[in-house]
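Chains F and E, in that order, give the protein sequences. Residues 1 to 115 (the working numbering) are what the first sequence spells out, left to right. Residues 1 to 113 (the working numbering) are what the second sequence spells out, left to right. Ideal placement from N, C-alpha and C gives every residue a C-beta, glycine not left out. Being a predicted model, the structure only gives us computed values, none of them experimental.
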Amino acid sequence: DAKTTQPNSMESNEEEPVHLPCNHSTISGTDYIHWYRQLPSQGPEYVIHGLTSNVNNRMASLAIAEDRKSSTLILHRATLRDAAVYYCILRDWNAGGTSYGKLTFGQGTILTVHP
Amino acid sequence: NAGVTQTPKFQVLKTGQSMTLQCAQDMNHEYMSWYRQDPGMGLRLIHYSVGAGITDQGEVPNGYNVSRSTTEDFPLRLLSAAPSQTSVYFCASSVPGGGTEAFFGQGTRLTVV
């Protein structure tokens, strides 16, 4: 499975934008880039995903480098409710056998939001 | 539409006991998986399934069994509980493939004494 590298922690102030980086230098052409977050004492929840182009949804934006070896999750205005662990994950849609679609989590980035 | 439902939410077991963690989804998802999360750690994949009758091992399968007889249910069996299996367990489901969203349950907190 292709791996991702994220900073262990980041801090932000409320109402400010947050840029969470992720490196995935061994990404394959069939890997989607997914972001999930986990609030305290909860299960992970989906944030956003993309393949090659930048993506926007109601929660966040995903900026993908042209060579796809890195990406950035952008929270446009952080709130206290955005304090969570953010996971950047590669999900292969075309792996052989039963492996396709596996979600393999790394350590993630702990985001602290200050009032 | 309940999503992914895990039962029980909390469980205490004695070493050597067996039990089954239940996971059910009502979204007709083919792909289901089980993770464990130890304190301060990320989620580690235990077992997964791409459809009824098809299961495979993740990165930490030892001590756990799974089967998938229906699309809706994917139970996780602990054969002989050990203190090292104390963890929070999450079940997830999705349509198979790379470009689809996965849905997670709220977790089962298991303590083995």
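TODO: Measuring only between beta-carbons, confirm whether glycine 106 of chain F sits less than 8 Å from chain E.
DONE: With 8 Å as the cut-off, glycine 106 of chain F counts as an interface residue toward chain E.
Open item on the list: For threonine 30 of chain F, would you say it is in contact with chain E, using Cβ-to-Cβ distances shorter than 8 Å as the test?
Closed with: Yes, because at least one Cβ of chain E sits closer than 8 Å to the Cβ of threonine 30 of chain F.
Open item on the list: Strictly below 8 Å CB to CB, what residues from chain E border aspartate 92 of chain F?
Closed with: Going along chain E in sequence order, the residues near aspartate 92 of chain F (Cβ under 8 Å) are Gly98.
Task: Collapsed DSSP secondary structure at proline 21 of chain F in the structure displayed - done: Under the three-state reduction of DSSP output, proline 21 of chain F falls in the strand class.
- [ ] Could you run through the region 31 to 52 of chain F and flag, in chain order, every residue whose CB is less than 9 Å away from some CB of chain E?
- [x] Under the 9 Å Cβ criterion, the region 31 to 52 of chain F contributes Asp31, Tyr32, His34, Tyr36, Gln38, Ser41, Gln42, Gly43, Pro44, Glu45, Tyr46, His49, Gly50 and Leu51.
Task: chain E within 8 Å of lysine 3 of chain F, Cβ atoms only - done: No, lysine 3 of chain F lies away from the interface with chain E (no Cβ there is under 8 Å from its Cβ).
TODO: Rounded to whole angstroms, what's the CA-CA distance from proline 8 of chain E to glutamine 106 of chain E? Just pull it up for me.
DONE: When rounded, the separation of the alpha-carbon atoms in proline 8 of chain E and glutamine 106 of chain E is 10 Å.
TODO: For methionine 41 of chain E, count neighbouring Cβ atoms within 10 angstroms of its own Cβ and tell me buried if that reaches 16, exposed if not.
DONE: Answer is exposed; the Cβ neighbour count stays below 16.
Task: Test: glutamine 106 of chain E CB closer than 8 Å to a CB of chain F - done: Residue-level contact by beta carbon holds for glutamine 106 of chain E and chain F, with a gap shorter than 8 Å.
- [ ] Count the other C-beta atoms from every protein chain shown that fall within 10 angstroms of the C-beta of lysine 102 of chain F, then say buried if there are 16 or more, exposed otherwise.
- [x] So lysine 102 of chain F ends up on the buried side.
- [ ] For the region 9 to 79 of chain E, list the beta strand (DSSP E) runs that are entirely contained and at least 3 residues long, ordered along the chain.
- [x] Counting only runs of 3 or more, we get 10 to 13, 19 to 25, 31 to 37, 43 to 51, 54 to 57, 64 to 66 and 76 to 78.
TODO: In the DSSP assignment, find the beta strand (DSSP E) that holds phenylalanine 90 of chain E and state where it starts and stops.
DONE: Where phenylalanine 90 of chain E is concerned, the enclosing beta strand (DSSP E) starts and stops at 87 to 94.
TODO: Kindly indicate which three-state DSSP category leucine 80 of chain F falls into: helix, strand or coil?
DONE: In the three-state reduction of the DSSP assignment, leucine 80 of chain F falls in the helix class.
Open item on the list: Helix, strand or coil, according to DSSP, for serine 53 of chain F in the structure here?
Closed with: It is coil, neither helix nor strand.
TODO: Compare the C-alpha of serine 69 of chain E against each of E/Gln6, E/Ala24, E/Val12 and E/Lys14 and name the closest.
DONE: The candidate whose alpha carbon is nearest that of serine 69 of chain E is E/Ala24.
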